[in-house]
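Peer 1:
2 protein chains.
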Amino acid sequence: MVNAGAMSGSGNLMDFLDEPFPDVGTYEDFHTIDWLREKSRDTDRHRKITSKSKESIWEFIKSLLDAWSGWAVMLLIGLLAGTLAGVIDLAVDWMTDLKEGICLSAFWYSHEQCCWTSNETTFEDRDKCPLWQKWSELLVKQSEGASAYILNYLMYILWALLFAFLAVSLVRVFAPYACGSGIPEIKTILSGFIIRGYLGKWTLLIKTVTLVLVVSSGLSLGKEGPLVHVACCCGNFFSSLFSKYSKNEGKRREVLSAAAAAGVSVAFGAPIGGVLFSLEEVSYYFPLKTLWRSFFAALVAAFTLRSINPFGNSRLVLFYVEYHTPWYMAELFPFILLGVFGGLWGTLFIRCNIAWCRRRKTTKLGKYPVLEVIAVTAITAVVAYPNPYTRRSTSELISELFNDCGALESSQLCDYINDPNMTRPVDDIPDRPAGVGVYTAMWQLALALIFKIVITIFTFGMKIPSGLFIPSMAVGAMAGRMVGIGVEQLAYHHHDWIIFRNWCRPGADCVTPGLYAMVGAAACLGGVTRMTVSLVVIMFELTGGLEYIVPLMAAAVTSKWVADAFGKEGIYEAHIHLNGYPFLDVKDEFTHRTLATDVMRPRRGEPPLSVLTQDSMTVEDVETLIKETDYNGFPVVVSRDSERLIGFAQRRELILAIRDFLVSSRKRMF
Amino acid sequence: MVNAGAMSGSGNLMDFLDEPFPDVGTYEDFHTIDWLREKSRDTDRHRKITSKSKESIWEFIKSLLDAWSGWAVMLLIGLLAGTLAGVIDLAVDWMTDLKEGICLSAFWYSHEQCCWTSNETTFEDRDKCPLWQKWSELLVKQSEGASAYILNYLMYILWALLFAFLAVSLVRVFAPYACGSGIPEIKTILSGFIIRGYLGKWTLLIKTVTLVLVVSSGLSLGKEGPLVHVACCCGNFFSSLFSKYSKNEGKRREVLSAAAAAGVSVAFGAPIGGVLFSLEEVSYYFPLKTLWRSFFAALVAAFTLRSINPFGNSRLVLFYVEYHTPWYMAELFPFILLGVFGGLWGTLFIRCNIAWCRRRKTTKLGKYPVLEVIAVTAITAVVAYPNPYTRRSTSELISELFNDCGALESSQLCDYINDPNMTRPVDDIPDRPAGVGVYTAMWQLALALIFKIVITIFTFGMKIPSGLFIPSMAVGAMAGRMVGIGVEQLAYHHHDWIIFRNWCRPGADCVTPGLYAMVGAAACLGGVTRMTVSLVVIMFELTGGLEYIVPLMAAAVTSKWVADAFGKEGIYEAHIHLNGYPFLDVKDEFTHRTLATDVMRPRRGEPPLSVLTQDSMTVEDVETLIKETDYNGFPVVVSRDSERLIGFAQRRELILAIRDFLVSSRKRMF
């Protein structure tokens with residue numbers, strides 16, 4: 001046989017990195033990529049293009065196009081992600097209203113759009129316009145009474161079941177990867193793992209359609225997490241159009257990191273928060289260049305969504321708020337309490353959800369995903385309808401809870417007893433005693449809170465697209481609003497107490513319950529996901545005011561501490577563990593306190609270490625070694641005797657090298 | 001002599017990294033630090049603390065304190081930087097007004113504060129209140145007429161000269177490092193260079209005081225760059241309080257990066273933009289942990305400044321704006337033109353300023369810094385006073401140029417001819433023909449623009465604290481506002497032209513000249529500093545609207561391209577080169593196209609390469625080698641014959657190792 005000197009030694013192994021492989025980029029499914037090789041291959045590509053570009057004008061133009069393809073991909077991702085987010089918002093709006101009734105003038109109008117077109121509605125009856133017909137009005141010409149209520153109730157449940165059934169069937173038949181939030185898998189993919197088809201075109205299409213269906217069905221889930229998955233699918237699609245990215249798994253992951261940022265950007269209307277989310281939560285390799293490109297993609301996506309204007313308020317999200325009153329130092333106490341609540345909720349949710357998902361994996365339950373979805377949808381719809389706070393869509397609920405009670409607010413939550421001597425002011429309404437409506441709302445909110453907490457645990461992880469940002473925020477917002485109203489009433493009735501005396505005079509607007517709702521939402525989201533800075537920045541972009549940074553930070557940090565005390569894992573890490581993905585967190589700090597020699601002991605009585613030696617091995621020896629063992633790589637040493645390490649050869653590299661060698665030697669023979 | 005086997009070979013050199021050095025952290029002045037050693041020393045420190053923390057409760061508490069010291073330093077930096085920025089703003093406000101007159105009720109009140117306290121002023125005469133006395137009114141009881149004008153003129157010049165003289169004398173006598181913007185030096189320091197005293201307490205004190213003086217003197221410079229230097233001085237001060245940072249130059253640089261972010265955060269009221277500025281423009285080593293801490297410091301600093309509320313408008317900067325009308329696609333053309341102007345201004349400024357600074361360094365001019373400052377101040381004051389747009393402070397000018405003409409605007413720039421049939425609307429004023437005031441303002445702005453362009457070139461680089469963000473922005477804002485008014489009048493008078501017909505109906509508010517001013521400011525700042533993303537984010541935080549991202553991006557990118565076409569260096573890099581600092585940009589991409597063997601040739605007839613050999617060298621040999629050559633390090637090879645490289649030893653390490661060795665062998669002898 002031939003002497004294998006040509007392929008031994010670390011120097012020669014290094015040379016392989018410079019040579020183009022015959023089947024590069026074709027990692028197998030469920031394998032991990034080699035970051036160094038991908039980087040080195042990209043440098044190679046770049047070197048070739050640069051040297052070629054001096055040859056002709058055409059090559060020069062091609063090199064320019066190549067340099068700009070990164071920005072082009074970002075532009076395309078931003079445009080598509082923004083458009084999809086806008087379409088999803090519009091469709092969800094229409095289909096959520098479809099559960100209640102239909103617009104006579106044009107069936108594709110949502111309740112609000114239908115009433116825009118009718119001229120006769122004044123501000124007071126904006127919810128009652130003749131063109132919008134509830135199902136009871138349309139079917140039995142009856143808008144009041146028990147039978148009409150039952151008919152509407154039934155229609156609500158029927159539509160919800162129909163949407164959920166459609167969604168779970170589509171997912172099962174066409175794209176099984178479209179289920180879940182997708183963030184645990186994207187984290188794993190970005191760390192270098194390969195899951196073929198997870199970011200494919202079918203997944204993109206089916207996830208978009210089913211996302212609309214499940215959100216409209218009224219299940220306790222959000223569209224924010226899945227939007228990140230959708231944006232990453234867009235990123236994968238566009239990167240396959242440019243050879244720079246399609247042929248290099250490392251570069252492709254840079255694009256995906258930026259796409260994740262664009263996804264959060266449109267999900268929360270927070271472009272900067274999106275980039276930081278990508279950086280803090282999902283990305284693995286994030287060079288500075290990717291940071292700028294992520295910004296660009298996130299801004300383009302937000303601007304596209306802003307141009308579509310799905311909510312008709314020129315804001316990117318339904319729950320944008322502006323507060324007018326400051327907060328006081330003494331309020332930090334309830335804010336921190338909300339942080340503790342958020343941390344406890346995070347722990348409870350992660351523990352129960354993981355336990356339930358494990359049961360689903362191991363028992364018969366996992367075999368009937370359609371039935372499970374139908375059952376959960378039915379329970380959700382039956383319980384949700386009677387309570388006004390669970391009947392509507394969750395983001396509308398969050399929006400109402402976040403809002404401050406202005407003079408024009410008609411919500412039940414703002415049913416305060418007005419001072420008859422006071423004319424209706426436009427702004428800066430002082431604290432007032434709560435009316436009947438507020439007390440009713442408190443009861444309903446408490447029931448809604450318990451229901452949300454329980455049902456979300458069972459919903460997240462079913463075989464449908466489901467995000468948990470929105471349910472978590474809703475839980476926090478409900479708890480926060482209740483605490484806020486409590487503090488407000490306490491301050492109103494007892495403004496002579498020592499803690500209130502300094503900052504809350506009678507007739508002043510001391511407490512903003514909406515701010516408590518927002519702080520609670522941040523705390524609960526933080527407890528579940530363990531985000532800190534990106535969470536605060538997202539919330540900062542939602543309120544658009546520096547003033548509320550301190551309450552948000554206090555709650556987010558408390559919630560993280562409390563949750564970390566019970567277990568270090570966030571929900572995404574927990575799901576990664578549950579599914580057994582090979583994920584190694586790059587942000588973990590490993591302080592190396594022991595040396596290898598202290599813990600490594602030569603194993604007696606076992607076969608010696610499988611190694612390659614520098615000079616004395618033949619190709620046959622190497623082939624035998626590969627066949628007889630299943631290690632992923634072998635150390636290269638000087639000789640069996642000295643065992644001085646000079647390098648490391650991967651199994652994959654060896655197989656490729658031997659095949660290449662055989663092909664070329666066969667060529668030489670003929 | 002002893003055989004030096006113990007100190008040769010790369011393996012043994014590695015061991016040195018683990019051992020504490022007797023004089024660690026004591027790099028000499030104007031030396032570059034060893035990043036790897038600093039990092040390894042920090043790991044060491046951490047390892048020790050963690051192992052100790054298990055010994056007793058006190059050690060455990062100490063380890064907790066150590067872990068939290070990073071956040072504590074950030075909190076302190078944020079608080080101090082925010083406070084200093086607030087104090088500087090208040091002092092500048094008062095002293096700028098002092099050039100015009102004085103408040104009778106309390107001399108420490110600025111014009112605006114003085115008139116707040118007087119009850120009798122209505123909205124119309126807010127600028128004329130009896131308690132505020134111009135110098136002519138106070139000294140000769142005359143407020144109108146030529147003699148009063150000349151007296152005020154003289155007082156203006158005198159105060160300006162006094163402030164400038166005080167500033168330059170303080171800098172010369174107490175802290176020569178306090179001059180300039182400081183950003184080039186901070187970039188160099190953060191890349192690992194040591195300049196003792198550059199971030200010292202004296203520099204902090206003197207720079208803060210003189211910054212107030214020079215800005216008040218009316219010179220064409222800004223406080224934004226120096227504020228970054230001031231914040232870095234705060235960072236250096238607080239990091240010297242914690243042994244974790246004071247004893248490790250690498251860790252100290254992490255704190256300084258965060259401090260730079262806090263500086264920009266308070267300079268522009270843009271906490272997120274500040275962090276990105278630190279990342280894009282000044283930092284060298286920026287791990288993820290530092291990113292979060294920078295955010296924290298920037299937010300605390302902004303919140304502190306917000307609590308001081310120096311401008312009384314609950315905004316962080318004077319030139320915060322909110323626009324209400326959208327922009328149209330056709331407007332991208334003038335925006336891109338402004339980008340071209342910004343790029344040209346950047347090139348012109350950098351070329352001329354560097355040429356002038358070189359002349360200052362090489363000719364006699366550099367020997368009379370006080371005289372130079374006095375002369376430039378005198379010229380500035382004499383030329384600036386007659387023109388209302390140069391008389392006031394530059395940030396007030398920018399604020400006026402950015403502002404949209406509302407119904408209550410009394411500025412000359414808003415002197416449009418109102419339609420008599422129209423009642424005064426509150427918002428959304430349609431385009432109107434320009435009045436006499438606007439035409440006068442255009443002339444004055446053009447003259448002010450030329451003056452600013454010329455004088456800024458001579459001002460930046462004098463021996464006083466001087467930033468160029470504000471002058472650059474002023475140049476751009478003036479050019480932009482003029483273009484904006486031009487386009488507005490064109491659209492008003494020719495709304496039947498094909499380019500206007502689609503988007504500008506008569507009686508509509510088509511063009512916002514203030515937006516043009518903002519775009520121009522961004523373009524000019526981009527041309528000078530070559531920032532892109534952080535610039536757009538800073539401007540985004542100033543306007544608080546996603547809508548204007550596209551115009552700002554278009555202008556910033558155009559300006560960078562145009563400026564880059566004439567020379568790749570931004571102003572900071574140019575000054576680093578001019579001063580010969582050893583700065584290697586970590587963000588430059590070096591594509592390695594050649595191998596060392598292709599370009600390295602053995603030099604014939606010259607002495608052989610100075611190397612250490614693995615086995616055959618004595619301590620004496622090493623000492624001789626160190627004495628006879630002045631290289632910073634030596635390659636370690638197996639032997640003279642094989643010259644196989646096994647490592648590299650630094651001169652510094654060798655000297656320390658030999659000293660240690662001699663000390664210990666002497667101990668052994670006695």
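Going line by line, the protein sequences match chains A and B.
Numbering follows the UniProt record's numbering, with no gaps: position 91 of the first sequence is 91.
Numbering follows the UniProt record's numbering, with no gaps: position 395 of the second sequence is 395.
Every residue, glycine too, gets a C-beta built ideally from N, C-alpha and C.
Taking ILE658(B) as the reference, which of VAL622(B), GLU628(B), ILE308(B) has the closest Cα?
Peer 2: VAL622(B)
Peer 1: Within 8 Å (strictly less), CB to CB, does VAL266(B) reach chain A?
Peer 2: no
Peer 1: Taking contact to mean at least 3 C-beta pairs separated by less than 8 Å, is the segment 456-472 of chain B in contact with the segment 223-242 of chain B?
Peer 2: yes
Peer 1: Going along the chain, which residues of the segment 283-294 of chain B sit with their C-beta nearer than 7 Å to a C-beta in chain A?
Peer 2: The residues in question are LEU288, TRP292.
Peer 1: To the nearest angstrom, how far is it from the Cα of ARG45(B) to the Cα of LYS667(B)?
Peer 2: Roughly 27 Å separates the two Cα atoms.
Peer 1: What did DSSP end up calling CYS103(A) once you bin it into helix, strand or coil?
Peer 2: strand
Peer 1: Rounded to whole angstroms, what's the CA-CA distance from SER10(A) to TRP35(B)? Just pull it up for me.
Peer 2: Interpretation of SER10(A) is limited by its pLDDT of 37, a score under 50 that renders its predicted location unreliable; the figure taken from the coordinates is listed afterwards. Approximately 28 Å, taken between the alpha carbons.
Peer 1: Ordered along the chain, which non-local residues of its own chain (more than five positions away) have a Cβ less than 6 Å from that of SER283(B)?
Peer 2: LEU190, SER257
Peer 1: Quick one: grab the DSSP three-state call for PHE634(A).
Peer 2: strand
Peer 1: In whole angstroms, what separates the C-alpha of PHE661(B) from that of ARG644(A)?
Peer 2: 28 Å
Peer 1: Among the residues of its own chain, which have a CB less than 6 Å from the CB of SER216(A), if the five just before and after it don't count?
Peer 2: These residues qualify, in order along the chain: VAL92, MET95, THR96, PHE163.
Peer 1: Starting from LYS134(A), trace the beta strand (DSSP E) in both directions and tell me its first and last residue.
Peer 2: Looking at the DSSP string, the run of the beta strand (DSSP E) that includes LYS134(A) is 132-134.
Peer 1: So with CB distances below 9 Å, who are the chain B contacts of ILE77(A)?
Peer 2: Result: empty, since nearest Cβ-Cβ is about 16 Å, beyond 9 Å.
Peer 1: Against chain A, with Cβ distances strictly below 8 Å, would ARG306(B) count as a contact?
Peer 2: yes
Peer 1: For LEU211(B) versus LYS223(B), is the C-beta spacing smaller than 8 Å?
Peer 2: yes
Peer 1: Is there contact between the segment 557-576 of chain B and the segment 372-383 of chain B, where contact requires at least three CB pairs shorter than 8 Å?
Peer 2: no
Peer 1: Please report the residue range of the beta strand (DSSP E) in which GLN412(A) lies.
Peer 2: Note, GLN412(A): premise wrong, no beta strand (DSSP E); not H, not E.
Peer 1: Along chain B, in chain order, which residues have C-beta atoms closer than 7 Å to that of ILE450(A)?
Peer 2: Under the 7 Å cutoff, chain B gives no residues; its nearest Cβ is about 35 Å from ILE450(A).
Peer 1: Just mark PHE107(A) as buried or exposed, buried being the case when its beta carbon has 16 or more other beta carbons within 10 Å.
Peer 2: exposed
Peer 1: Classify THR121(B) as helix, strand or coil using the three-state DSSP reduction.
Peer 2: The predicted model places THR121(B) with a pLDDT of 46, which falls under 50 and marks its position as unreliable, so this point remains unresolved.
Peer 1: Establish whether the CB of LEU299(A) and some CB of chain B are separated by less than 8 Å.
Peer 2: yes
Peer 1: Take PHE30(B) and list the residues in its own chain whose beta-carbon comes closer than 8 Å to its own, dropping the five residues that flank it on each side.
Peer 2: Excluding sequence positions up to five before and after PHE30(B), its CB lies within less than 8 Å of the CB of PHE193, ILE194, ILE195, all in the same chain and listed in chain order.
Peer 1: Determine, using beta carbons only, whether VAL622(A) comes closer than 8 Å to chain B.
Peer 2: At a cut-off of 8 Å between beta-carbon atoms, VAL622(A) makes no contact with chain B.
Peer 1: Give a yes or no on whether 8 Å exceeds the smallest Cβ distance from ILE272(B) to chain A.
Peer 2: Closer than 8 Å: yes.
Peer 1: Can you list the residues of chain B that VAL533(A) reaches, using a CB-CB cut of under 9 Å?
Peer 2: LEU291, TRP292, PHE295, PHE296
Peer 1: Would ALA477(A) pass as a contact of ASN387(A) if the rule is Cβ separation under 8 Å?
Peer 2: no
Peer 1: DSSP three-state label for ALA649(A), please.
Peer 2: Collapsing the DSSP output to three states places ALA649(A) in a strand.
Peer 1: Report the option in GLU400(A), ARG306(A), ILE57(A) whose CA atom is closest to the CA atom of ALA517(A).
Peer 2: GLU400(A)
Peer 1: Quick one: residues in its chain with C-beta nearer than 6 Å to the C-beta of VAL487(A), no 5 flanking neighbours on either side, listed in chain order?
Peer 2: PRO334, VAL511
Peer 1: Using 10 angstroms around the beta-carbon of LYS452(B), count the other beta-carbons present and answer buried if the total reaches 16, otherwise exposed.
Peer 2: Buried, by the Cβ-count rule.
Peer 1: Any idea if TRP345(A) is buried or exposed, counting beta-carbon neighbours within 10 angstroms, 16 or more meaning buried?
Peer 2: buried
Peer 1: Compute the beta-carbon to beta-carbon distance between LEU525(B) and PRO551(B), rounded to the nearest angstrom, for a pair I have assumed lies under 8 Å.
Peer 2: Actually they do not touch by this definition, with Cβ atoms about 14 Å apart.
Peer 1: Count the CB pairs spanning the segment 169-178 of chain B and the segment 562-577 of chain B that are closer than 8 Å, and state whether there are at least three.
Peer 2: no
Peer 1: Distance cutoff 8 Å, beta carbons only. Does ALA491(A) sit that close to anything in chain E?
Peer 2: Protein chains in the displayed structure are A and B, and chain E is not among them.
Peer 1: Starting from LEU299(A), follow the alpha helix (DSSP H) in both directions and report where the run begins and ends.
Peer 2: That run of the alpha helix (DSSP H) goes 288-308.
Peer 1: So what does PRO465(A) bridge to, in DSSP terms?
Peer 2: GLY180(A)
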